[in-house]
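In my numbering, the protein residues as written are 51 to 524. These notes concern the structure reproduced below.
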């Protein structure tokens, strides 16, 4: 709070407490220290500086198009680019700082548009106008305070003269009453208090003005630094161009050396070609002699390879034939097992049919017994005990009949399932037999073809062997 007096600092603290901006306990402690005329702690000074900065706004905001900030935020959200670098650029734009040239070029490449800083000049012009207005207000306030102090001084003199012993007054003079003077004095003191408050406010605005001037100077300093950086980059580019020119001259010298080396190489190659032509004539005769021998050796080797290939094919055919025989034996064994299972199924079917016939016969006998019992009950007049025994017998017969009926139903269902399974198994056996027959025919045709091929190759080998023997004799 170096820019404010003790009285201005007290007024600022009271304003913070009245508006509720800040820690009331800490502000009350600071106000007590100021009233007692003691020195503030450094932490309290920093606290008040922070509050004062928040109140006046430390940095002059550059007028950047809001669309640029929105688009930069979208770039960060979508992850299109270096997130850390874009976040730094966004914070700089929000704080009104000028971007570095490299960051500005990077952002323009990402957004596909130019960033307009023309509004900075108008903002600077507006700040200059604000400074002039604030200076005039401060001057006017000082004049007003001086005039009020002079008026108060006059009133105080008048008040003191009113308390002195009254002498002879001039003719026509009227003395003001003490109450009227006190009222005027109170009114002037109230006016003075208001003017002091206005003066304090103007001093605060003057502090704001000072801070704005400092921010503008900082901005101008940043611009100067950026210009210096650009000059350094231009100098660096100039040095790079000189380095590239030196490299071009070196490359041209190396190209001249390369051309000389090429001419020397062409002379050596022409000499070598002449020597190669002489050697080629000598080698051609030797090559012709070796060609005949190589042809004979190649034919012999080809025949050997054909013979070996035929032998391997023969072994392969034998192995495949054995495998097919094993597969056929396995299929025959499986067919026998299936036939045995079919026989069991047929046996089960016959037993179920016999069981059904016995059950139907027994059911008929039970029905006859029931009819006889009903006749006996109708014709005779038995006793109560005889009726109970007959009733129990009848219930027993009915229970046996119900059990037989359920057994008959179960047996019928089992019989249907067994017949269905038998049909499926018969179809599977038929299709498997057809498949085995087809595979057997294919294998037999393959074996016949291989045997024919073997005979042809054997004849060819025999004829080639005779030709080789004749060539060897010659």
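All residues carry an ideal CB built from backbone N, CA and C; glycine is no exception.
For residue 293, the three-state secondary structure derived from DSSP is helix.
Straight-line spacing of the CA atoms in residue 288 and residue 281 works out to 10 Å. One thing to note: residue 142 has its Cβ within 8 Å of the Cβ of residue 149. Taking C-alpha positions only, residue 251 is separated from residue 62 by approximately 9 Å. For residue 77, the enclosing alpha helix (DSSP H) begins and ends at 74-86. Shown here, residue 147 sits in coil according to DSSP, grouped into three states, outside any helix or strand. Collapsing the DSSP output to three states places residue 165 in coil. DSSP places residue 120 in the helix class (H, G or I) of the three-state scheme.
Residue burial annotation: residue 66 is buried, with at least 16 other C-beta atoms found within 10 angstroms of its C-beta. Scanning 354, 274, 163 for the CA closest to the CA of residue 518 turns up 354. Here the alpha carbon of residue 64 sits roughly 8 Å from the alpha carbon of residue 81.
The beta carbons of residue 447 and residue 398 sit about 30 Å from each other, so the pair does not count as a contact at 8 Å.
Judged by DSSP secondary structure, residue 57 falls within the alpha helix (DSSP H) whose first and last residues are 56-69. Going by C-alpha positions, residue 412 is about 20 Å away from residue 425. Residue 132 sits in coil when the DSSP states are folded into three classes, being neither helix nor strand. In this structure residue 301 is exposed. Its beta-carbon is surrounded by fewer than 16 other beta-carbon atoms within 10 angstroms.
In this structure, the alpha-carbon of residue 324 lies about 33 Å from that of residue 348.
Here residue 344 is exposed. Its C-beta has fewer than 16 other C-beta atoms within 10 Å. Per the Cβ contact rule, the segment 124-135 is not in contact with the segment 94-106 (fewer than 3 Cβ pairs under 8 Å). Note on residue 390: under 16 other CB atoms within 10 angstroms of its CB, so exposed under the neighbour-count rule. By the CB criterion at 8 Å, residue 165 and residue 140 fall outside the cutoff. By a beta-carbon distance limit of 8 Å, residue 395 does not contact residue 477. Their separation comes to about 14 Å. Below 8 Å, too few C-beta pairs join the segment 501-516 and the segment 370-378 to call them touching: fewer than three. When the alpha-carbon of residue 404 is set against those of 369, 361, 465, the nearest one is in 465.
The alpha carbon of residue 482 has as its nearest neighbour, out of 59, 272, 380, 298, the alpha carbon of 380.
Comparing alpha carbon positions, the residue from 146, 279, 71 closest to residue 268 is 146.
Shortest Cα-Cα distance from residue 386 to any of 371, 294, 475 involves 475. By the CB criterion at 8 Å, residue 479 and residue 410 fall outside the cutoff. Within the segment 315-379, no complete beta strand (DSSP E) segment of 3 residues or longer occurs. For residue 77, the CB contacts under 6 Å within the same chain, skipping 5 residues up- and downstream, are 63, 66, 67 in chain order.
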